[in-house]
Structures are given as C-alpha cells and as structure tokens.
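Participant: One structure, as structure tokens, below. Some questions next.
Given below as structure tokens:
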C-alpha cells in the first residue's frame with residue numbers, strides 16, 4: 002500500500018533543485034494534480050512562502066501544482082485530503098517540533114501508511130525513520146520527542162559522508178557519531194549518500210541511485226548495500 | 002571569582018590527549034591535588050571508567066590526581082566538595098541528559114560561579130554556554146532541556162569549521178547551521194576553532210590560542226575576533 006521515496010538530498014552539486022529526481026518523480030506522482038508541501042524545515046531559515054514557491058517552480062516542470070501546508074487553516078484536514086505529500090529538507094529539529102506543535106505526526110503517518118504518495122528529501126527523509134536521533138542537523142529547537150514516522154524499520158542518516166582521508170580535523174566523523182548512537186540504541190541506521198534514495202513500495206525498501214549505502218547495526222561491522230538491494234529484511 | 006577554561010578540543014592533530022593545554026592547565030589548576038572528572042559525554046561510547054583512566058594519565062604529567070564523578074555515591078556532594086572540575090568531550094546530548102538525570106546542572110553552575118576552577122573541552126565547553134543549541138553532535142538521546150550552565154553570556158560552537166572551498170557536498174555548512182539557529186534565537190554564538198580556548202577569569206572572557214574565533218550575532222555579519230580580545234562586551 003505504501004508509495005514512498007526518501008532521498009538523501011534535494012539537490013546534487015551543480016544541478017537544480019530536485020532536478021536529478023524529476024524523471025523518478027514524474028512516475029511516482031503519476032496522475033497527481035496538486036501536491037501538498039510541508040515547508041516546516043525552512044533551510045537557511047527561509048519563510049514557508051519562499052520555500053513553497055521554490056518547490057512549486059520545480060514541480061511545474063512535471064505539471065504538478067504545489068500548495069504549502071501553512072496555507073491551510075486546518076492542516077490536519079489538508080494532510081488527510083492530500084493527493085500526495087512532499088516534506089522538504091532543512092532543519093530536522095524545527096520540522097519535528099512543528100509537526101508535534103501542530104499535532105500532525107500521527108495523521109501524516111496514517112495517510113502515508115494508507116497509500117498517499119510521499120516524497121521526503123534530507124530532513125523530510127529523516128522523519129521516515131523510527132526516530133530523528135541520527136540527523137546531522139543542529140539542535141536549534143527542542144522538539145517534545147525524537148520519535149518520527151517509522152515508515153522504515155530503521156533510521157536514516159542523509160547526506161552520509163565517508164571519513165575524509167588525511168583530514169586533520171578532530172571533530173567526530175559521521176561513523177563515530179553513529180557508533181555513539183549504537184551505544185544508546187539498537188535501531189539500525191542507513192547512511193544514504195547524496196544521489197541515493199529509497200523506494201518504499203508496499204513492503205519493499207529498494208536502494209536507488211548509483212551509489213552504495215552504508216548499513217550500521219549495533220555490535221556489527223557496517224556493510225555497504227548496493228543499488229537495487231531490498232532492505233525489507235531489516 | 003570565576004576561573005574557567007573552555008577549549009574547542011581536547012586534542013590537536015598529531016598531539017596527545019590534552020597535550021597542547023598542559024602548560025596552561027598547570028597554572029590554571031595550581032595547588033590542586035585532586036581533580037573531579039565528569040565522564041558523562043563518553044566519546045565513541047567508551048565507559049566512564051576507561052574515560053577517567055585516560056584523563057588520569059594526562060593529568061599525572063602535571064601531578065594531579067583524577068577521580069571520576071561516577072565513583073561517588075553522592076555526585077552532588079562530590080561536585081560541592083571538589084577542588085577543581087573537568088568535563089570532557091564526547092556527545093553533548095548524552096552529557097546534558099546525564100547532568101539533568103542526576104540533578105547536577107544547578108550545583109555545577111553554582112560551584113563554578115563561586116570559584117571552583119573548571120575546565121571544559123568540546124562537549125564540556127559547550128555546556129558553558131547559555132544553551133546547547135549550537136553543538137555539532139548527533140542527538141543520540143533527548144535531554145529534558147537544552148539549557149546549560151550559562152557561564153558565558155553566549156553559546157559556543159566548538160570544533161568550528163570554515164566552509165570547505167570547492168566542496169561538492171550539499172549538506173549545510175557550519176555557518177548555515179548557525180544562521181538557522183539565529184532565525185530561532187538571539188543568543189550570540191562563538192565559533193571556536195580547534196586550538197583555541199576561552200579563559201574566563203572573573204568577568205573577563207579572553208580568546209586564547211593562535212587562531213581567531215568567529216562571532217555570529219543575529220541580523221549582523223559575522224566577525225573574526227583575535228586572540229587576546231575580551232568578549233565581556235557580549
């Protein structure tokens with residue numbers, strides 16, 4: 002029943018916003034006239050209006066109209082009635098705070114599980130995991146919970162970065178951070194590199210794009226999973 | 002009355018743990034026989050015991066004994082009676098969670114303000130700011146609050162990194178993240194590069210080390226502050 006895409010990033014280096022995904026989105030959102038956009042993550046702090054305009058421009062290329070969730074008086078009803086939904090990237094703490102403040106986490110989960118086509122990029126993908134514990138974002142605001150939609154049986158780490166060879170910086174690598182998480186939790190984490198996305202149709206969870214994704218499980222060595230592999234075993 | 006050092010990092014590339022700070026620490030902790038170490042941040046998830054041993058080794062070079070806070074039945078009393086205190090780096094979310102869980106945030110703030118010599122590195126410096134909203138760490142656990150010690154009138158961003166020239170990675174730069182914070186809060190943020198530390202003696206807040214530090218204020222251009230400058234105007 003589920004029809005979900007969760008992408009590591011909205012934008013590839015040198016490309017336009019959502020550009021690399023457009024052929025995929027055309028099929029994913031087939032027969033959709035109007036997409037509901039959740040602009041809460043506000044990348045670089047841009048306004049809901051600005052963000053919705055940017056998304057509208059991208060989707061106009063595949064003839065889909067976009068309306069921002071902030072335009073609706075009753076956002077819960079807007080989600081329930083949406084033909085399709087897209088949550089954009091930005092700050093995951095802000096996104097999750099706003100979803101809880103507006104009491105929308107449960108209804109969003111329900112409609113996605115019931116089959117409303119969904120797209121997430123970056124922070125909007127992060128919330129597809131069980132919790133937001135493995136976001137890369139700065140905790141600019143405290144949400145009431147780190148629990149998220151749980152569309153996946155595991156967590157995501159979008160914009161996954163391999164350790165920089167020869168780096169002299171002493172801050173933690175991404176892998177170190179994820180290992181620290183696994184001292185606190187047994188939830189598996191998928192490091193999704195820029196250009197990769199997950200396609201969750203019914204119960205299949207397929208890695209798409211050209212790169213491998215790195216799967217971290219508590220007390221196990223991380224493994225590289227190839228495009229086309231199905232993560233429904235997790 | 003205050004006698005505080007807040008360092009960006011414990012370790013410089015190619016150096017030993019706390020090595021670059023030892024001459025400074027020798028003076029800072031003059032006449033201290035036993036240092037109380039707060040190991041809660043658990044870098045890479047190491048145990049409190051392992052972490053305390055590592056710190057003990059470093060301080061043995063300047064003839065200071067180290068005891069871990071986890072060794073005490075009554076940690077509040079241990080903090081009240083400590084000759085000097087050091088909070089090590091690791092994960093700020095875990096550190097702040099544990100401080101709140103053990104009801105130690107207030108007592109720690111009180112003894113530092115009353116003059117107990119204090120050292121923080123990385124996560125242990127982060128908590129010297131007003132809030133932990135500008136940590137770089139992964140939110141592996143949800144603390145009950147992001148409010149921290151407020152030894153400083155502003156927040157820190159340790160391990161501050163300048164944007165990488167020519168990077169093709171599309172994740173947010175540190176500066177973008179801090180700007181996102183300033184859409185939510187007016188608390189100034191100091192980006193402290195590795196090798197820099199703040200010396201807070203009485204009401205002076207001096208930048209030490211050889212590098213400049215980057216000061217971000219809401220709705221203003223960031224500015225570079227030089228070593229030796231006093232940030233007591235913030």
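Chains as they are written, first to last, in the working numbering: chain V, 2 to 235; chain F, 2 to 235.
Cβ atoms here follow ideal geometry from the backbone N, Cα and C, with glycine treated the same way.
In this text, all values refer to a predicted model and were calculated from it rather than measured experimentally.
Name, going along the chain, the residues of the segment 180-211 of chain F whose beta-carbon falls closer than 9 Å to a beta-carbon of chain V.
Facilitator: 180, 181, 182, 183, 184, 185, 186 and 195
Participant: Skipping 5 residues on each side, what residues in its chain have a beta carbon closer than 7 Å to that of residue 194(V)?
Facilitator: Counted from its first residue, the first chain places residue 194(V) at position 193. A distance below 7 Å between beta-carbons, with the five flanking residues on each side excluded, links residue 194(V) to the following residues of its chain, in chain order: 9, 161, 212 and 214.
Participant: Can you tell which of 234(F), 54(F), 90(F) and 78(F) has its C-alpha closest to the C-alpha of residue 172(V)?
Facilitator: Numbered from its first residue, the first chain carries residue 172(V) at position 171. The shortest Cα separation from residue 172(V) among 234(F), 54(F), 90(F) and 78(F) belongs to 90(F).
Participant: Which one or two residues does DSSP pair with residue 2(V) in a beta bridge?
Facilitator: Indexing the first chain from 1 puts residue 2(V) at position 1. Looking at the DSSP output, residue 2(V) bridges to nothing.
Participant: Taking 9 Å as the threshold (C-beta atoms), are residue 176(F) and residue 141(V) in contact?
Facilitator: On the first chain, residue 141(V) is found 140 positions in, with the first residue counted as 1. On the second chain, residue 176(F) is found 175 positions in, with the first residue counted as 1. Cβ atoms of residue 141(V) and residue 176(F): not closer than 9 Å.
Participant: Starting from residue 225(F), trace the beta strand (DSSP E) in both directions and tell me its first and last residue.
Facilitator: The residue you call residue 225(F) lines up with position 224 of the second chain. Looking at the DSSP string, the run of the beta strand (DSSP E) that includes residue 225(F) is 224-226.
Participant: When you compare the CB positions of residue 86(V) and residue 38(V), do they come within less than 9 Å of one another, or not?
Facilitator: Working through the first chain from its first residue, we reach residue 86(V) at position 85. Working through the first chain from its first residue, we reach residue 38(V) at position 37. A distance below 9 Å separates the beta carbons of residue 86(V) and residue 38(V).
Participant: Buried or exposed for residue 44(F), please, with buried defined as at least 16 other CB atoms from any protein chain shown within 10 angstroms of its CB.
Facilitator: Counted from its first residue, the second chain places residue 44(F) at position 43. Residue 44(F) sits buried, since 16 or more C-beta atoms from the chains shown fall within 10 Å of its C-beta.
Participant: Should residue 1(V) go down as buried or exposed, given a rule of 16 or more other Cβ atoms within 10 Å for buried?
Facilitator: Residue 1(V) lies beyond the range of chain V shown here (2 to 235); nothing can be said about it.
Participant: Residues of chain F with a CB under 7 Å from the CB of residue 128(V): which are they?
Facilitator: Stepping through the first chain from its first residue, residue 128(V) is reached at position 127. Near residue 128(V) there are no residues of chain F at all, since even the closest Cβ is about 13 Å away, more than 7 Å.
Participant: Please list, in chain order, all residues of the same chain as residue 97(F) whose beta carbon is under 6 Å from its beta carbon, the five residues on each side excluded.
Facilitator: Indexing the second chain from 1 puts residue 97(F) at position 96. Cβ neighbours of residue 97(F) beyond the five flanking positions: 133 and 144.
Participant: From what residue to what residue does the alpha helix (DSSP H) around residue 57(F) run?
Facilitator: Reading the second chain from its first residue, position 56 is the one you call residue 57(F). Segment 49-61, the alpha helix (DSSP H) holding residue 57(F).
Participant: Can we say the segment 61-76 of chain V touches the segment 24-43 of chain V, given the rule of at least three CB pairs closer than 8 Å?
Facilitator: Counting C-beta pairs closer than 8 Å gives three or more between the segment 61-76 of chain V and the segment 24-43 of chain V, which meets the contact rule.
Participant: Hey, how far is the Cα of residue 232(V) from the Cα of residue 209(F)?
Facilitator: As a position in the first chain, residue 232(V) is number 231, starting the count at 1. As a position in the second chain, residue 209(F) is number 208, starting the count at 1. Straight-line Cα distance between these residues: approximately 50 Å.
Participant: Give a yes or no on contact between the segment 102-111 of chain V and the segment 116-128 of chain F, applying the rule of three or more CB pairs nearer than 8 Å.
Facilitator: no
Participant: Does the beta carbon of residue 139(F) come closer than 9 Å to any beta carbon on chain V?
Facilitator: Here residue 139(F) refers to the residue found at position 138 of the second chain. Cβ-Cβ to chain V under 9 Å: yes for residue 139(F).
Participant: Distance, Cα to Cα, residue 31(F) vs residue 155(F)?
Facilitator: Here residue 31(F) refers to the residue found at position 30 of the second chain. Here residue 155(F) refers to the residue found at position 154 of the second chain. Residue 31(F) and residue 155(F) have their alpha carbons spaced roughly 28 Å apart.
Participant: Applying a beta-carbon distance threshold of less than 8 Å, which residues of chain V neighbour residue 14(F)?
Facilitator: Counting from 1 along the second chain, the entry for residue 14(F) is found at position 13. Those are 169, 170 and 171, listed as they occur along chain V.
Participant: Taking only three categories from DSSP, how would you classify residue 69(V)?
Facilitator: Sequence index remark: in the first chain, residue 69(V) carries index 68 (1-based). In this structure, residue 69(V) counts as strand in the three-state DSSP scheme.
Participant: Identify every run of the alpha helix (DSSP H) within the segment 70-98 of chain V, keeping only runs that are complete inside it and at least 4 residues long; order them along the chain.
Facilitator: 76-82
Participant: I'd like the span of the alpha helix (DSSP H) that includes residue 108(V), first residue to last.
Facilitator: What you label residue 108(V) is simply residue 107 of the first chain in a count that begins at 1. Here the alpha helix (DSSP H) through residue 108(V) covers 106-114.
Participant: How far does the alpha helix (DSSP H) with residue 181(F) in it extend, from its first residue to its last?
Facilitator: Sequence index remark: in the second chain, residue 181(F) carries index 180 (1-based). Run containing residue 181(F): 175-182, per the alpha helix (DSSP H) assignment.
Participant: Are any of the Cβ atoms in chain V nearer than 9 Å to that of residue 71(F)?
Facilitator: Here residue 71(F) is taken as the residue at index 70 of the second chain, counted from 1. False, the Cβ-Cβ gap to chain V never drops below 9 Å.
Participant: Rounded to the nearest angstrom, how far is the Cβ of residue 1(F) from that of residue 191(F), given a contact under 8 Å?
Facilitator: The question about residue 1(F) has no answer here: the residues shown for chain F are numbered 2 through 235.
Participant: Determine the burial state of residue 64(F): buried for a count of at least 16 other Cβ atoms within 10 Å of its Cβ, exposed for fewer.
Facilitator: Counting from one through the second chain, the residue named residue 64(F) turns up at place 63. Here residue 64(F) is exposed, its C-beta having fewer than 16 other C-beta atoms within 10 Å.
Participant: From this set, 48(F), 184(F), 168(F) and 82(F), which residue's C-alpha is nearest residue 15(V)'s C-alpha?
Facilitator: The count along the first chain starts at 1 and reaches residue 15(V) at position 14. The shortest C-alpha separation from residue 15(V) is found at 168(F).
Participant: By DSSP, does residue 214(F) sit in helix, in strand, or in coil?
Facilitator: Within the second chain, the letter at position 213 stands for residue 214(F). In this structure, residue 214(F) counts as strand in the three-state DSSP scheme.
Participant: Tell me which same chain residues have a C-beta within less than 7 Å of the C-beta of residue 101(V), skipping the five on either side of it?
Facilitator: As a working note, residue 101(V) is residue 100 in the first chain. Hits under 7 Å: 144, 145 and 146.
Participant: Could you check what DSSP says for residue 127(V) in three-state terms: helix, strand or coil?
Facilitator: Here residue 127(V) refers to the residue found at position 126 when the first chain is read from its first residue. Reduced to three states, the DSSP call for residue 127(V) is helix.
Participant: Within the same chain, show all residues whose beta-carbon is closer than 6 Å to that of residue 41(F), passing over the 5 residues directly before and after it, in chain order.
Facilitator: Residue numbering aside, residue 41(F) sits at position 40 when the second chain is read from its first letter. Same-chain partners within the cutoff: 96 and 99.
Participant: Please return the same chain residues whose Cβ sits closer than 8 Å to the Cβ of residue 13(F), not counting the five positions on each side in sequence.
Facilitator: Position 12 of the second chain holds residue 13(F). Non-local C-beta neighbours of residue 13(F) in its own chain, meaning closer than 8 Å and more than five positions away in sequence, comprise 20, 21, 195 and 196, ordered along the chain.
Participant: Contact defined as beta carbons within less than 8 Å: I believe residue 119(V) pairs with residue 206(V). What is the distance between those atoms, to the nearest angstrom?
Facilitator: Against the first chain, residue 119(V) aligns to sequence position 118. Against the first chain, residue 206(V) aligns to sequence position 205. Actually they do not touch by this definition, with Cβ atoms about 14 Å apart.
Participant: Should residue 152(V) be labelled buried (16 or more other beta-carbon atoms within 10 Å of its own) or exposed?
Facilitator: The residue labelled residue 152(V) in the question sits at position 151 within the first chain. Buried.
Participant: Would residue 147(F) count as contacting chain V if we go by Cβ distances under 9 Å?
Facilitator: As a first step, residue 147(F) must be located in the second chain, where it is residue number 146. Yes, residue 147(F) counts as interfacial toward chain V.
Participant: Does any residue of chain F have a CB that is nearer than 9 Å to the CB of residue 39(V)?
Facilitator: One-based indexing of the first chain puts residue 39(V) at position 38. Interface residue (Cβ-Cβ distance to chain F less than 9 Å): residue 39(V) is not classified as such.
Participant: By the 10 Å Cβ neighbour count, where 16 or more other Cβ atoms means buried, how is residue 236(F) classified, buried or exposed?
Facilitator: Beyond the ends of chain F as shown, which are 2 and 235, falls residue 236(F); an answer cannot be given.
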